[in-house]
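Engineer: Before anything else, here's the structure in question.
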Amino acid sequence: MKRFLLTTLLILTLTINPVFANTDPHDIIPLKNVHLESDNYVLMDRESGLVLTSKNLDKQIHPASITKVLTTITALEMLEGTPLTTTYELPQSIFDGLDPIASVVDFKAGDIVTLSDILHGIILPSGADATRAISVYLTGTPEGLAINMNEKAKEIGMSQSTFMNTSGLDDSQHLSTVYDLALLVQYSLKNPQFKKLYSKVEYTTSPTPKYPDGIPLTNKSLKDAHERGFDAMYGAKSGYTELAQVSLSSVASTPTGDLIFISTSAQSHEKMKENPAVTDAIAMYERAFNDFKRTVIIPRGNIIGEIPIVHVENRYPVSYEKDIISYLPKGVERSDLQFKLTQAATEFRAPVEANSVLGTLKVVYNDTIIFQDDIINKEPIEASVEVIVLEFLQSMGGIIGISIVATGIVFYFVMKFQKMRRRNHPNKWRDAQQQNDSTDQDLDS
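Read left to right, the sequence shown gives residues -21 to -1, 1 to 424 (mature numbering (1 follows the signal peptide of the UniProt record, and there is no 0)).
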């Protein structure tokens, strides 16, 4: 069954003075008094992909260095089977044409580093020299990996994204959406090696001529969150370009599940001492963790309702192979929800083709749709010969019954009519009877 992603949240773009969000009744987790600096964002349940709150969910934006999440997962999958301890001498081609405004690890041509060094250099300090290094290693050119990245994005389902380079530098055609980026992080976290890279706060590379003790690398956004006491955030990749402004992808854990938060276009101001994207992420996670609970609203295998289908013995049951989850305000239970099943047609007759929309299920709490899904049969629904025969016999039985009743009524009135004639003409009846008796005697003789 197709899952239904819930709609967007309206929030005003912030200046230095905080502006409070206007909530949309369709957001599962409305922000209420939470203010965000980011102009585009999405909060997603990591396991299910359920969108809990968002703004400009499908608007194309510049992804900045969140691009490097795609660079890393694409490289890891292409490197499958290759030890990350493998060493590589960095060629000059990596550095030829490297944009001077790009952030770098500070690798140099001729450095001998491991693949692990390069991958950590992509995620932690967001090094464009590292992205070009892995691209040359895998494809022979500094930006050739972008072709593979677009193929991977398509595979993931990032339908509104195009990547023109490996680092996320601004390009008019280098675009994505916060929803696509959330799908990217959700997919990437399934890879244990990526998860380890994304969760690393500090790392030191192999020694190089310029750095005999190795190059110290830091995930500043993740370190920032931990220094503020928010250890629930266990992975992050930040970004900044002139068009994207301050951006961040992150993931945080709860006892019942993880949440992914993507934000872009946070304005950074001189009076700000802290990264505004990290501030937004912490505020969003705390709103979700403190005021809501992850709840199984439809247990696996539980039949929510049934849809009748003509020529089939049993009604079509509406149930799910997996638990369906949502987030409910603390204190609200499953029994407080409304389950509304609406048929797509007045009547269905078997056979019914596979992948037909039979109806729509909505789960509602306090006028907020917390789950909506089209009910679709995965397999064809065939007509039952036994049921068709039984229905025919039942219909024939009805016809026969009506015929018997009608015959009985006619017989009743005929008999009543004859009785009335006997009363009104008794002599005629006796003469006719005697004549019949006489005829019978003649025949006997």
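We put the CB at the ideal spot given by N, CA and C, even for glycine.
Taking the alpha carbon of residue 247 as the point to measure from, which residue in 239, 267 and 221 has its own alpha carbon closest?
Structural biologist: 221
Engineer: Please report the straight-line C-alpha distance between residue 23 and residue 239, rounded to a whole angstrom.
Structural biologist: 5 Å
Engineer: Considering only their Cβ atoms, is the gap separating residue 212 from residue 117 smaller than 7 Å?
Structural biologist: Not in contact: residue 117 and residue 212 (Cβ atoms no closer than 7 Å).
Engineer: Rounded to a whole number of angstroms, what is the C-alpha to C-alpha distance between residue 177 and residue 230?
Structural biologist: 9 Å
Engineer: How is residue 142 classed by DSSP in three states: helix, strand or coil?
Structural biologist: coil
Engineer: Can you pull the DSSP bridge partners for residue 328?
Structural biologist: 289
Engineer: Please give the ranges of any beta strand (DSSP E) in the segment 10 to 60, keeping only runs that are unbroken, at least 3 residues long and fully inside the region.
Structural biologist: 19 to 24 and 30 to 34
Engineer: So, is residue 92 buried or exposed, given that buried needs 16 or more other C-beta atoms within 10 angstroms?
Structural biologist: So residue 92 counts as buried.
Engineer: What does a CB cutoff of less than 6 Å around residue 64 pick up in its chain, not counting 5 residues either side in sequence?
Structural biologist: Around residue 64, the same chain offers 93 as residues with beta carbons nearer than 6 Å, after the five sequence neighbours per side are excluded.
Engineer: Am I right that residue 261 and residue 215 are in contact with their C-beta atoms under 8 Å? What's the rounded C-beta distance?
Structural biologist: In fact, because the Cβ distance is near 11 Å, the residues do not count as touching under 8 Å.
Engineer: Give me the Cα-Cα distance between residue 235 and residue 275, rounded to the nearest whole angstrom.
Structural biologist: 10 Å
Engineer: What are the boundary residues of the beta strand (DSSP E) that residue 275 is part of?
Structural biologist: 271 to 277
Engineer: In angstroms, rounded to a whole number, what distance separates the CA positions of residue 283 and residue 300?
Structural biologist: The alpha-carbon atoms of residue 283 and residue 300 are separated by roughly 13 Å.
Engineer: If you draw a straight line from the C-alpha of residue 327 to the C-alpha of residue 361, how long is it?
Structural biologist: 12 Å
Engineer: Using only the alpha-carbon positions, how far apart do residue 193 and residue 119 sit?
Structural biologist: Cα-Cα distance, rounded: 26 Å.
Engineer: What does the Cβ neighbour count give for residue 266, buried or exposed, with the cut at 16 atoms within 10 Å?
Structural biologist: Result: buried.
Engineer: With distances taken between CB atoms, is the gap from residue 8 to residue 29 smaller than 7 Å?
Structural biologist: no
Engineer: Assuming residue 118 is part of the beta strand (DSSP E), what are its boundary residues?
Structural biologist: Unbroken run through residue 118 is the alpha helix (DSSP H), 107 to 118; no beta strand (DSSP E).
Engineer: If you measure between the beta carbons of residue 114 and residue 141, is that distance less than 7 Å?
Structural biologist: No; because the gap between Cβ atoms is not below 7 Å, this pair is not in contact.
Engineer: Determine the closest residue to residue 173 out of 134, 310, 353 and 52, with distance taken between C-alpha atoms.
Structural biologist: 52
Engineer: Put residue 72 into one of helix, strand or coil per three-state DSSP.
Structural biologist: Looking at residue 72 - three-state DSSP - the assignment turns out to be helix.
Engineer: Where do the N-terminal and C-terminal ends of the beta strand (DSSP E) with residue 173 fall, by residue?
Structural biologist: It is not in any beta strand (DSSP E) - residue 173 instead sits in the alpha helix (DSSP H) that spans 171 to 178.
Engineer: Is it true that the CB of residue 323 sits closer than 7 Å to the CB of residue 336?
Structural biologist: A contact, by the Cβ cut-off of 7 Å.
Engineer: Between 329, 111 and 317, which has its C-alpha nearest residue 72's C-alpha?
Structural biologist: In terms of Cα proximity to residue 72, the closest of 329, 111 and 317 is 111.
Engineer: If I follow the unbroken alpha helix (DSSP H) through residue 168, where does it start and stop?
Structural biologist: Neither: residue 168 is in no alpha helix (DSSP H) and is coded neither H nor E.
Engineer: Hey, could you find the ends of the alpha helix (DSSP H) residue 100 is sitting in?
Structural biologist: Annotation for residue 100: the continuous alpha helix (DSSP H) segment containing it runs 94 to 102.
Engineer: Any idea what DSSP makes of residue 350, helix, strand or coil?
Structural biologist: Residue 350 falls in the strand class under three-state DSSP.
Engineer: Can you tell me which of 161, 153, 47 and 228 puts its alpha carbon nearest to the alpha carbon of residue 135?
Structural biologist: 161
Engineer: Spatial neighbours of residue 95 within its chain, please: C-beta separation below 6 Å, excluding the five flanking residues on both sides.
Structural biologist: 63
Engineer: With DSSP run on the structure shown, which of helix, strand or coil describes residue -20?
Structural biologist: Its pLDDT being 38, under 50, residue -20 is placed unreliably by the model, and nothing is read from it.
Engineer: Look up residue 318 in the DSSP assignment and say whether it is helix, strand or coil.
Structural biologist: strand
Engineer: Nearest to residue 59 by alpha carbon, out of 171, 307 and 319?
Structural biologist: It is 171.
Engineer: For residue 196, which of 83, 126 and 137 has the nearest alpha-carbon?
Structural biologist: Here the closest residue by C-alpha is 83.
Engineer: Could you check where the beta strand (DSSP E) with residue 304 kicks off and where it finishes?
Structural biologist: 303 to 308
Engineer: Spatial neighbours of residue 86 within its chain, please: C-beta separation below 6 Å, excluding the five flanking residues on both sides.
Structural biologist: 69 and 108
Engineer: So what does DSSP say about residue 188, is it helix, strand or coil?
Structural biologist: coil
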